[in-house]
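Numbering (my numbering), first residue to last: 1476 to 1656.
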C-alpha cells in the first residue's frame, strides 16, 4: 500500500472521528442532564482525544530539526599510535578456565579507571607476541586526551582497565613518555 493511500485513510479517519465528536457535542448540548442520551453523547465527544495525539505528533514532525552535533574525536582521527606512558598491566584470569587464553596481538581500546574517573586509552600488543593472563606485562599506552589524562597518571599511579562493562586488568604507570614535537 502506498504512502499516499495510507495518508488519505488517516485523514478520512480523523475527519470521521471529529464529525462524531462534534455530533456528540451537539446531542449533549440539547439532551437533558442525567439521561442516557447525554452520557452517550459525552462518550462520543471523547473520541477526539486520540486525534489530539496524532495532531501533536504531526506538528512535531513538521518542526525544523537541527543537524546532529559532530561526533567527538576518536582514536581514528589521531592516526598513528603515539605512546604517552609505559604501564605494567596484569590481565585478570577469567572465571572460566576455558577462557584463559593469551591476549592476542592487535590494538585494544579501553578506559583506564582511577577511582570513579575513566580515561579513554589504547595499547598495542606487537605482532608475534601474546600476553599471558595473570603475569605483568609492560605495554605502551596512548591516551585519547593526553592533556587531560597525563596529570592524573604520575609514575607509580595504580589503575584498572575497563573494556565494555568488565574490568579486565590492573596496572600501574612505570614511565612517562615525552610528547613528540
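All C-beta atoms, glycine included, are put in the ideal place defined by N, C-alpha and C.
Predicted model, so just to flag it, every value in this text is computed and none were measured.
Alpha carbon of residue 1479 to alpha carbon of residue 1525, nearest angstrom
21 angstroms
With DSSP as the reference, label residue 1624 as helix, strand or coil.
helix
Cβ neighbour criterion (16 or more within 10 Å) applied to residue 1646
buried
Residue range of the alpha helix (DSSP H) that residue 1618 falls in?
Unbroken run through residue 1618 is the beta strand (DSSP E), 1611–1618; no alpha helix (DSSP H).
Would residue 1627 pass as a contact of residue 1651 if the rule is Cβ separation under 9 angstroms?
no
Who are the Cβ neighbours of residue 1615 in its own chain at under 6 angstroms, not counting the five residues just before and after it?
1558 and 1561
Are the stretch 1518–1538 and the stretch 1496–1504 touching by the rule of at least three beta carbon pairs closer than 8 angstroms?
yes
DSSP-derived helix/strand/coil call for residue 1576:
coil
As a quick exercise: from 1508, 1529, 1582 and 1517, pick the residue whose alpha carbon is nearest that of residue 1486.
1529
Are residue 1624 and residue 1618 touching if we call contact CB-CB under 9 angstroms?
yes
For residue 1635, write down the residues that DSSP places opposite it in a beta bridge.
1588 and 1645
The beta strand (DSSP E) enclosing residue 1561, as first and last residue numbers
1560–1566
Use the C-beta contact count for residue 1532: other C-beta atoms within 10 angstroms, 16 or more gives buried, fewer gives exposed.
exposed
Would residue 1605 and residue 1579 be called neighbours here (beta carbons separated by less than 9 angstroms)?
yes
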